[in-house]
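Residue 1 is where the sequence shown starts when you use full-length UniProt numbering, and the numbers rise one by one after that. Just so it is clear, CB atoms sit at the ideal spot from N, CA and C, and this is done for glycine as well. A quick note: this is a predicted structure, and the numbers were derived from the prediction, not measured. Notes to accompany the following structure.
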Amino acid sequence: MTNALTPSAQNRAPAHQTASRWQFWIDRGGTFTDIVARRPDGSLVTHKLLSENPEQYRDAAVAGIRHLLGLAAGEPITPDLVDMVKMGTTVATNALLERKGEPLALVTTHGFRDALRIAYQNRPRLFDLDIALPEALYAEVVEVDERVGAHGEVVRELDLDAARLALEGIYAKGIRALAIVLMHGYRYQLHEKKLAAMACDIGFAQISVSHEVSPLMKLVSRGDTTVVDAYLSPILRRYVEQVAKEMPGVNLQFMQSSGGLTRADNFQGKDAILSGPAGGIVGMVRASSAAGFERVIGFDMGGTSTDVSHYNGEFERVFETQVAGVRMRAPMMSIHTVAAGGGSVLSFDGTRLRVGPDSAGANPGSAAYRRGGPLAVTDCNVMLGKIQPAHFPKVFGPNADEPLDRDVVVEKFTALAAEIEKATGRRQTPEALAEGFLEIAIGAMANAIKKISVQRGHDVSRYVLTTFGGAGGQHACGVADALGMTKVFAHPLAGVLSAYGMGLADQTAMRERMIEAPLGNDGLIALEDALGALADEAVNVLLAQGVPPSRIETVRRVHVRYAGTDSAIAVPFGSVEQMRAAFEAAYRQRYSFLMDGAALIVEVASVEAIGLSDAPVDITPLQARTSGVPQPADQVKLYAGGAWHEASLFERDTLLAGDTIDGPAIVAEKSGTTVVEPGWQAQMTGQGNLVLTRVVPRETQRGLGTQADPVRLEIFNNLFMSIAEQMGLRLQNTAYSVNIKERLDFSCALFDRDGNLIANAPHMPVHLGSMGESIKTVIERNRGKMREGDVFMLNDPYHGGTHLPDVTVITPVFVKSDDDATRVGAPEPLFYVGSRGHHADIGGITPGSMPPDSTHVEEEGVLIDNWQLVAAGELRDRETRELLAGARYPARNIDQNMADLRAQVAANQKGVDELRRMVADFGRDVVLAYMDHVQDNAEAAVRRVIGALADGHYRYPLDNGAVIEVSIRVDQATKSATIDFTGTSAQLPNNFNAPRAVCMAAVLYVFRTLVDDDIPLNAGCLKPLTVIVPQGSMLNPVFPAAVVSGNVETSSAITNALYGALGSVASSQGTMNNFTFGNETYQYYETISGGSGAGNGFHGADAVQTHMTNSRLTDPEVLEWRYPVRLESHRIRTGSGGQGRWQGGNGAVRRIRFLTPMTASILSNNRVYAPFGAQGGGAGALGANYVERVDGSREALAHIGRTQMQPGDIFVVETPGGGGFGQA
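In structure tokens, the structure reads:
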């Protein structure tokens, strides 16, 4: 395909004298390689070819350049012909995804060989019993004897002789790549430098050193980034050398993930992950800016996924993210990807329609591709006439010369419509069904855009949607409508915008340094010096690449956060007042409030040196039409808004400047199709851009009706969950305590007017379904008295609470309606939203509020029952502080409690705002109806699972002598089950009593894990289940029973007891290994992972959170920076998993040395009774708790214990392994 366009000048930088030579801008993607070439006369030409075609060429980029230059295969590409080649490539990304990088060894501090594997210990998918963790990238680990403390103290000098022997042994095995990652090496670099020099002397070809790759705090993410660099850089180097060999002397540059180009020999693995997509962002921004649009949402829709991005005057970057299961701490363009593309597969699960996440791919592709593929999103557009086969490339069929097959699409949609009618009784036409699927896909893409815009405080209605990628134009109007946007922009090179962006990108070099110092005048000079040194480094990189000094600019930024939080925001460097003001403005926009009185910390200083691009952006102006109107190439039928329309189809290359097209219409071109929906108007600008504008106000969807519809069911499921997720993101970002921010020990949820759970965005399974009783308590106690702006809180374990540190904040949602004026009495809430977070301390007899030996609930902290936290919008700050301070054992850090409570209130307000927006859009009755329908849907899914279960019984002993006894009786006729805990021990004198809400959460979790599908999680899941929990038992205690261990320990035992009765999986560790320490200054709490149980067809996983918890572990370097402790080691406990046909996962050993006197406590289980095996499998190993005293003695602790730690003492926790499954 060849398209010729002529660029005009753009005000960025003077062009070099390159008129006599070509430039090539290339996006080498996974399937296609796109090329935009600038001819010597300044005109542009595009070319597309397959990225892999070994019978025809070795490399697509080189072959495409030769094709456009008219060179024969193998003929050299010389600087006489080519001025510059700018390229983005997925070579590194594909190697990472497919795990085909360079064999390498990780070199790390003694005791940390498993640190990157254990990482933050959370499992990726909450309800998967077969826990799949990312495969490690390193083949070998070398532990070196050295240790530096958090503040620079040398604990152990580096043993160079032993390190040399170990490295020589690795070299002898054939490994030539190393990743060197030492504790606190980002700041104290001497030991890493010595090891790197030694490795170079030995002969290693690739040596990635953490303080050079990512000089920032956090061992796990810095370590992963360094490993990725060592893993991918050799692959990139070979590819770069291969390309460079074909064009000796040509200036070859590559796009980095940060959105800037760098010379080929500077291109590193860590900077290559988003090389291709970053070019798309640059192209989107440059093209949009040239058209006069400065607030832009990027919408790049391809075959398997959609990338969305946000621009508001400057490129948005993230500095910590996760790609292919690897945590990266390096600057990258902020791009959010959702699994919804043209190839996303359509399905019907019996009650609701589904789009994705599976993709038809390129082969077989969608049904219309003539390869027997399934129905996919592309087929929706074919069915609806939005893709016209006669005006689409004829590249299908056995000879690749046939059009898309519309007949098979109609046939498949007709059959699916009949299937849905049979299952639901609802009749609909094939085209209405296709439009429903399309609406679901559009909703998923709109929700993805909300995550990068609305959730961060941006009003997208003021933005332009810039569409690119092969499928973007077909859906752009629909996505814009879903977001309340009124303008869409499509550049003439939208189909190859990533390649275009390569040509328009600047050369950049970024340098960062960890600061971790208070923002204030005292440190301003040191901060300025650090930025100056970084600027010199970055500028020198560009000068070495041949960038003239006159084209180099520098941007100096500081990354600022509130003390004790983890949400840093980059602001321009300036005076202290300027930096504070910029931070507060950005923070307020994103989170809606400020943390008054909290100190500001400068976390990182960063400098970006920019070598400005000289590439022109604009395309030569189009000729204006002198008379008449644009003539369509065809008249077609197009289905939209529930009806068929006559629509004109125009070929884009026939349109002239000023041409206007009213929807419904189609604009077709070789690289894509743009659909102008009814109510929209398209106009061709003088630069050849297509700008679509909504000219008829969008109608709300109040006429939907309240009967359950498979399309709306999926849409509302997604909308409800999206609201809960938005609440969770706000809470995580604005909370103060580590428990909520980093360990993610919180949940957010929506409830109907009766307090039934509608959607729960869970991080903690123990919170699942347990908030409902708290909501109902608030409803019952405040009926008729609640007002708009009221907020309530409670942690009462006898009324829906779990344990006292878990504080639930509840906000009633009032929605004004037309009949409010005539209603007698006060209005009642229409919905409720709630957030539950684990506070670092809520009082009690030990810091952290997790006493191992409490016997009365007041010893565990402040009991809060139906407390009004906010009255008519005013925070009851003084009264709440008095509450927290007035108990027998008061809270120790009330300021922190109040900060977290404010964050919970803010999270709830996000839910309130989104629910009101939903009612405004769909109408009150429709939203209420679908709150019922989504519960019915979940109920049906659980009933289907129950039909495959059999009766069972199990007695599960706890270390304290108590027993959980459970019987499961299945009624096949009604597909219901009774879960009966009769026989369970009576209420205990210790704190292993579990509130009934915890027991219900465990039941809900277990039955949800039996459903091998992404079903909605709401109160409907419990409707087929009758749960009998005798009052006064340890699973339904009464005041004043102590309960702190019930939430964490007994909940784990309940889940394992249920699996024992079902016989479906071996026991995972039946404990969370709750470890707390503190004094009057410091309080800290963590749970420590162990082995998961094996099942039929899978082994258990090592050292991972299981079942009722998924809390994260604080990064080792952050732990040591914030607390006076030293993590000696954290290892996988080899051999602790149960034996069997399928082996149980191994536990872990964690050793923490104390540097100042503190109280330490442990709450655990499986120290007496081991995790059971199933179907003949062996039990997992018992856990153990003990203290190694500084005098050499060892103090053993029981499953619960508390002890005083002195400087030098080491607290050791050995966690249990999981049980095995089946006889070996």
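- At the C-beta level, A1148 and S1089 come within 8 Å of one another.
- In the DSSP assignment, M721 forms no beta bridge with any residue.
- Annotation for R625: L656, A657, G658, D659 place their beta carbon closer than 8 Å to its own, counting only its chain and skipping 5 residues before and after.
- An exposed status is given to H151, since fewer than 16 other beta-carbon atoms sit within 10 Å of its beta-carbon.
- Straight through space, the alpha carbons of T565 and A899 are spaced by roughly 11 Å.
- Within the stretch 536 to 605, the runs of beta strand (DSSP E) at least 3 residues long that lie entirely inside it are, in chain order, 552 to 562, 569 to 572.
- Here L1163 is not near P697, since their CB atoms are 8 Å or more apart.
- Take R969, set aside five residues on each side of it, and the residues of its chain with a beta-carbon closer than 6 Å to its own are D951, T978, in chain order.
- An exposed status is given to C200, since fewer than 16 other beta-carbon atoms sit within 10 Å of its beta-carbon.
- Here DSSP, grouped into helix, strand and coil, assigns R28 to strand.
- S1089 sits in coil when the DSSP states are folded into three classes, being neither helix nor strand.
- Going by C-alpha positions, T93 is about 43 Å away from D596.
- CA-CA distance, A197 to L1119, rounds to 30 Å.
- K487 is bridged by DSSP to T693.
- By the C-beta criterion, the stretch 412 to 419 is judged not to be in contact with the stretch 441 to 458, since fewer than 3 inter-stretch pairs fall below 8 Å.
- For E965, DSSP records a beta bridge to R955.
- Rounded to whole angstroms, G64 and G249 show a C-alpha spacing of 18 Å.
- Per DSSP, the unbroken beta strand (DSSP E) holding K86 starts and ends at 82 to 89.
- Per the C-alpha coordinates, the member of I845, V833, M383 positioned closest to V791 is V833.
- If you draw a straight line from the Cα of A530 to the Cα of A568, it comes to about 18 Å.
- Under the three-state reduction of DSSP output, A172 falls in the helix class.
- V296 sits buried, since 16 or more C-beta atoms from the chains shown fall within 10 Å of its C-beta.
- DSSP lists D300, T337 as the bridge partner or partners of D307.
- Here A432 carries a helix assignment [DSSP, helix/strand/coil].
- Rounded to the nearest whole angstrom, the C-alpha separation of A586 and N1166 is 48 Å.
- Considering only F315, R371, Q23, V813, the residue with the shortest C-alpha distance to L252 is Q23.
- The three-state reading of DSSP puts G501 in helix, counting H, G and I together.
- DSSP places T109 in the strand class (E or B) of the three-state scheme.
- Annotated three-state conformation of K1023 is coil, per DSSP.
- In the three-state reduction of the DSSP assignment, H458 falls in the coil class.
- The residues D229, S233, in chain order, have a CB closer than 7 Å to that of Q268 in the same chain once the five nearest residues on each side in sequence are set aside.
- In the DSSP assignment, D634 falls within the unbroken beta strand (DSSP E) covering 634 to 640.
- Taking a C-beta distance under 8 Å as the contact criterion, G223 and L375 do not qualify as a contact pair.
- G947 and K975 do touch by the CB rule: their CB atoms are close to 5 Å apart, below 8 Å.
- With distances taken between CA atoms, I387 lies nearest to F650 out of R21, L1022, F650.
- Cβ-Cβ distances below 6 Å link M502 to W25, K86, G88, M255, G279 in the same chain, with the five nearest sequence neighbours on each side left out; the list follows chain order.
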